[in-house]
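Below is one structure, written out as structure tokens; the observations come after it.
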Amino acid sequence: MKKLLVILLSVTQIYLCAQVGINTSSPKSILDVNGDMNLRGKLSVLNTSNNQITTGINDQILVSQGEGYPPVWKTLRIPDYEQNKFYLIFSSSFADRTGVKFTSSEESSNAATISTTLVKNANISSLNLFRKISSLSQPFTLYSATSKMYFQFETVVQADFPSNGNPDIAIDYACGIFVDDKLVNLRQRNIKASSGTNTFITHNQIGIAENLSKGNHTVSVACARLKSYNSTATLGIGINVASNIDSFIAQSSLKVDAYEVPEVFNPVTN
């Protein structure tokens, strides 16, 4: 009888050290609960950074680190969104000191067809001699199909003009803001020679794009020289072409703001 009892206890111990099922005869893990579970005491996990057992703090949740790793306590921060209202989801700014330069022989053929070629959603590949300002090409992500994007581009434009004479000396140029290489905003301007040499002006431009598709996108800025008037001067956009200013003064900047109407609402109840 004693031998039988020892055998039964040994078998039970082996079983307990393997897998335990509650309300199931075929547990699929060390502890498998088939039904509701109420936890009235503390829940502790291993903190692998210091090899200590921790129970977390108030308002923290357990987050999985993947198979083979213990979960970790994380603080959950959920913003209080109201339905059908726009919220600023993404905001960032970028700068560039390399800019783009154009000689008098590098004029875009689009100057003759501005009203038909420099139109909304025109692909940059179809625009002649539009050059991107390299560091202003940046990615962003949208999480909602209802969105408003605001782009603010600022730069300095300079031409190595002589002092103005008669007739006037000037250059037409244009800068566009593109999303995924599609034109969403364009500004055409003119820089004229002044009483001093090497004229420079500040260029400001604001663009808007609405309801872009959800997912990853890329914003970029590209400019072109359109037409020259009595001038063979070099045109610099976002870069100096004469020593009366430097690359710090001439640098470009781009600010990107994404406003979205959130699509998923996860109510938090106590």
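In mature numbering (1 follows the signal peptide of the UniProt record, and there is no 0), the protein residues as written are -18 to -1, 1 to 252.
Ideal placement from N, C-alpha and C gives every residue a C-beta, glycine not left out.
Considering only residues of the same chain and omitting the five flanking positions on each side of residue i, which have a CB-CB separation below 6 Å?
i: A175; result: F143, N146, I151, T181
i: Q1; result: P9, I12
i: N186; result: E136
Name the DSSP bridge partner or partners of residue i?
i: Q34; result: N29
i: G197; result: L124
i: G158; result: L168, A204
Less than 7 Å separating the Cβ of residue i from some heavy atom of the ligand ATP?
i: L44; result: Absence of the ligand ATP from the depicted structure is noted, as is the absence of any ligand whatsoever, leaving it without description.
What does a CB cutoff of less than 8 Å around residue i pick up in its chain, not counting 5 residues either side in sequence?
i: S75; result: S235, L236, K237, V238
i: E192; result: S129, K130, M131
i: I190; result: K130, M131, Y132, F133, V166, N167
Might you give, ordered along the chain, the residues of its own chain that have their beta carbon closer than 7 Å to the beta carbon of residue i, omitting 5 neighbours on each side?
i: S229; result: R79, I221, N222
i: S46; result: P53
i: K56; result: Q42, I43, V45
i: residue 254; result: Outside the displayed range of the chain (-18 to 252) lies residue 254, so it cannot be described from this structure.
Considering Cα atoms alone, identify which of the options is closest to residue i.
i: I106; options: I219, S46, K196, C157; result: C157
i: S90; options: L109, N167, I190, H185; result: L109
i: A77; options: S86, S119, Y69, Q47; result: S119
i: L124; options: K67, K196, S7; result: K196
i: A232; options: K83, K164, P149, V161; result: K83
i: F112; options: H199, N226, N32, A204; result: A204
Let me know if residue i comes out buried or exposed under the rule of 16 or more other beta-carbons within 10 Å of its beta-carbon.
i: V201; result: buried
i: Y155; result: buried
i: N16; result: exposed
i: I159; result: buried
Using DSSP with H/G/I as helix, E/B as strand and the rest coil, what is residue i?
i: N180; result: coil
i: S126; result: coil
i: F230; result: helix
i: L118; result: helix
i: T99; result: helix
i: N92; result: helix
i: I106; result: helix
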